[in-house]
Structure formats: structure tokens, C-alpha cells
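> What follows is a single structure, and I will ask about it in a moment.
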Amino acid sequence: GQNIDQPTEMTATEGAIVQINCTYQTSGFNGLFWYQQHAGEAPTFLSYNVLDGLEEKGRFSSFLSRSKGYSYLLLKELQMKDSASYLCAVRDSGNAGKSTFGDGTTLTVKP
Amino acid sequence: KAGVTQTPRYLIKTRGQQVTLSCSPISGHRSVSWYQQTPGQGLQFLFEYFSETQRNKGNFPGRFSGRQFSNSRSEMNVSTLELGDSALYLCASSSGTGPSETQYFGPGTRLLVL
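Residue numbers (the numbering used here), protein chains in the order written: chain A, 1354 to 1464; chain B, 4 to 117.
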């Protein structure tokens, strides 16, 4: 079966750094994605990790440890517009079409 | 390039009715996946179509079905609607050629079943 865990809610201050963790137990693994979803909108792609290590993309970085079934999304220099839900998703089949999603972490950025 | 489009954006139905939702993928994308999003269950995978064939299927009852046309547009049908089918239905498209391909989501269809 598939199981993905992430914290339900987090709060951080504008300008700060926040780390959102994701742990997974899946029958197969073909990469881990992070998506951002603002209220009432569709998820948008943030990052993809398939090998262990850190991927940096501007203010956002994502880390993966396959042996530990663990990933985190790091957001630096937080802005108010970063308030959103962050979804961790594992691609568990050999093609692009199927991903198992966590329930998402709702991040609130306060001034 | 135009993004993924879904129609209609909002829909209200009553129990027992059936509904058809439409998704047009990004031009050139051959894979279309459907997801159901509810506050209690998060994003749940329904099925994926690639080149007019269902390639993956989630754990939803047979009331949920889909198809894909030769132009890669996809439709999803839900028969005998139940109150619990009220949700945001998202489709996502990708080239479908490999596991690293990013899925791009449409704006969703918000279905309310009364």
C-alpha cells in the first residue's frame, strides 16, 4: 500500500525559513514531487527529486533520502504569498500518470 | 502554450444523476490523469489515460469511468451520484513518456451533489 505523511499545518513569519517534512512508504518509487496549491486553485509544480540529495531552485529547495523514505521542502525568505498548501506526491509507477499524494501541509505566513 | 482546461468549472447535481466532466490537455501531451480532491481525503488518483487507453486505475467504484479521444481530450463520467461525490475534480496532463515528467493540473471542476 501507499502511505504519505506530512504535518497538517505550519505557521511561520515573513522573511523566515520553514521546512516542511514528508515521509513515505510506497510499494514502488519513481520520484517525489512537491506541489503548491493556493486556496481554490489547482496544484502547481515546485520540484522533483529522484536521487538522494538537495535540489535548489531559487527560494525553494527540496531534499530526498530514499533509504529513509524522507523528503523535505525548504522555503527561504518567506513571503506572504507563500501562504498555501504544500503537497508531497510520490510517483509509484513506471510512467508519468499516477502519483500518490499526501494530505498536504497548510502553511500560514504571518507578518 | 495554452494550459490544461477543464469544463465546466462548477456543477450542481442531485443524487442519482450522472455527470460528465471534460479535460483538454496541453498540446502535445498524451497522458491525462484524473484526481478527486476532498477536504477529508486529499488528492485521490482516479485513473490515467494514455493514447486512448486506460493505463492506470485507482481504487474507485465502477460508477467512475473515463475515456480519451484521439486528440487526447478526456472525459470522466460519474453515474448514480452520491452526496460523497461532492469534490473538486482535477485533471493533469503530461507527455506520459517517463516517470520524471511533470504533471500540469487544470483549474478543476467543482461538483456539488445535493
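Ideal Cβ positions, reconstructed from N, Cα and C, are used throughout, including at glycine. Since this is a predicted model, take the numbers as computed values, not measurements.
(1) Over what stretch of residues does the beta strand (DSSP E) that includes residue 1409 (chain A) continue unbroken?
(2) Would you list the residues sitting across from residue 95 (chain B) in a DSSP beta bridge?
(3) Just checking: is the beta-carbon of residue 45 (chain B) within a distance shorter than 8 Å of some beta-carbon in chain A?
(4) According to DSSP, is residue 49 (chain B) part of a helix, a strand, or is it coil?
(5) From this set, B:32, B:115, B:66, which residue's C-alpha is nearest residue 108 (chain B)'s C-alpha?
(6) Considering only DSSP beta bridges, list what residue 1385 (chain A) is partnered with.
(7) Does the distance from the C-beta atom of residue 1463 (chain A) to that of residue 1367 (chain A) stay below 8 Å?
(8) Compute the Euclidean distance between the alpha carbons of residue 21 (chain B) and residue 1434 (chain A), then round it to the nearest angstrom.
(9) Is residue 1439 (chain A) close to chain B, meaning its C-beta is less than 8 Å from at least one C-beta of that chain?
(10) Please list the partners that residue 41 (chain B) has in chain A, where partner means a Cβ-to-Cβ separation under 9 Å.
(11) Residues in the same chain with beta-carbon distance under 7 Å from residue 78 (chain B), minus the five sequence neighbours each way, listed in chain order, please.
(12) Relative to the C-alpha of residue 98 (chain B), which candidate in B:17, B:50, B:36 has its C-alpha closest?
(13) Reducing DSSP to helix, strand and coil, say where residue 69 (chain B) ends up.
(14) With 16 other CB atoms within 10 Å as the buried threshold, where does residue 1405 (chain A) fall?
(15) So, with DSSP's three-state summary, where would you put residue 1421 (chain A)?
(16) Given a cut-off of 8 Å, decide if residue 83 (chain B) and residue 14 (chain B) are closer than it, judged by their beta-carbon atoms.
(17) Which of the three DSSP states, helix, strand or coil, is assigned to residue 60 (chain B)?
(18) Measure from the alpha carbon of residue 91 (chain B) to the alpha carbon of each residue in A:1460, A:1395, A:1421, then state which is nearest.
(19) According to DSSP, simplified to helix, strand and coil, what is residue 1305 (chain A)?
(20) Determine, for residue 1452 (chain A), whether the minimum Cβ-Cβ distance to residues of chain B falls below 8 Å.
(21) With a Cβ-Cβ cutoff of 8 Å, do residue 1429 (chain A) and residue 1370 (chain A) count as a contact?
(22) Our contact map puts residue 59 (chain B) next to residue 51 (chain B) with C-beta atoms below 8 Å; I'd like the distance itself, whole angstroms only.
(23) Cβ closer than 7 Å: which chain B residues qualify as neighbours of residue 1395 (chain A)?
Quick answer:
(1) Indexing the first sequence from 1 puts residue 1409 (chain A) at position 56. Residues 1406–1410.
(2) Looking up residue 95 (chain B) in the second sequence gives position 92. For residue 95 (chain B), which the question treats as bridged, DSSP gives the partners B:36, B:108.
(3) By 1-based counting over the second sequence, the position of residue 45 (chain B) is 42. Residue 45 (chain B) counts as touching chain A.
(4) By one-based count along the second sequence, residue 49 (chain B) stands at place 46. Strand.
(5) Indexing the second sequence from 1 puts residue 108 (chain B) at position 105. Among B:32, B:115, B:66, the Cα nearest to that of residue 108 (chain B) belongs to B:32.
(6) Here residue 1385 (chain A) corresponds to residue number 32 of the first sequence, with the count starting at 1. Looking at the DSSP assignment, residue 1385 (chain A) forms a beta bridge with A:1402, A:1443.
(7) Mapped onto the first sequence, residue 1463 (chain A) falls at position 110. Mapped onto the first sequence, residue 1367 (chain A) falls at position 14. Going by C-beta atoms, residue 1463 (chain A) is nearer than 8 Å to residue 1367 (chain A).
(8) Mapped onto the second sequence, residue 21 (chain B) falls at position 18. Mapped onto the first sequence, residue 1434 (chain A) falls at position 81. Spanning the two alpha carbons is a distance of roughly 38 Å.
(9) By 1-based counting over the first sequence, the position of residue 1439 (chain A) is 86. False, the Cβ-Cβ gap to chain B never drops below 8 Å.
(10) Working through the second sequence from its first residue, we reach residue 41 (chain B) at position 38. The premise fails here: residue 41 (chain B) is roughly 10 Å from chain A at the closest Cβ pair, so nothing lies under 9 Å.
(11) Residue 78 (chain B) sits at position 75 when you count from the first residue of the second sequence. Closer than 7 Å at Cβ, skipping near neighbours: 23, 24, 25, 69, 70.
(12) Walking along the second sequence from the start, residue 98 (chain B) turns up at place 95. Among B:17, B:50, B:36, the Cα nearest to that of residue 98 (chain B) belongs to B:36.
(13) Taking the second sequence and counting its residues from 1, one reaches residue 69 (chain B) at position 66. Residue state, collapsed to three classes: strand.
(14) Along the first sequence, read from residue 1 onward, the residue named residue 1405 (chain A) stands at position 52. Looking at its Cβ environment, which holds fewer than 16 other Cβ atoms inside 10 Å, residue 1405 (chain A) is exposed.
(15) Locating residue 1421 (chain A) in the first sequence gives position 68, counting from the first residue. Residue state, collapsed to three classes: coil.
(16) Your numbering for residue 14 (chain B) matches position 11 in the second sequence. Your numbering for residue 83 (chain B) matches position 80 in the second sequence. No; because the gap between Cβ atoms is not below 8 Å, this pair is not in contact.
(17) Counting from one through the second sequence, the residue named residue 60 (chain B) turns up at place 57. Strand, per DSSP.
(18) Your numbering for residue 91 (chain B) matches position 88 in the second sequence. If we check each option's Cα against that of residue 91 (chain B), A:1395 comes out closest.
(19) Examination of residue 1305 (chain A) is not possible in this model, given that chain A is present from 1354 through 1464 alone.
(20) Locating residue 1452 (chain A) in the first sequence gives position 99, where the first residue counts as 1. With 8 Å as the cut-off, residue 1452 (chain A) counts as an interface residue toward chain B.
(21) Against the first sequence, residue 1429 (chain A) aligns to sequence position 76. Against the first sequence, residue 1370 (chain A) aligns to sequence position 17. Their beta carbons are under 8 Å apart, which means residue 1429 (chain A) touches residue 1370 (chain A) by this criterion.
(22) The count along the second sequence starts at 1 and reaches residue 59 (chain B) at position 56. The count along the second sequence starts at 1 and reaches residue 51 (chain B) at position 48. Contact flag correct, Cβ pair sits at about 4 Å.
(23) Here residue 1395 (chain A) refers to the residue found at position 42 of the first sequence. In chain order: 93, 108, 109, 110, 111.
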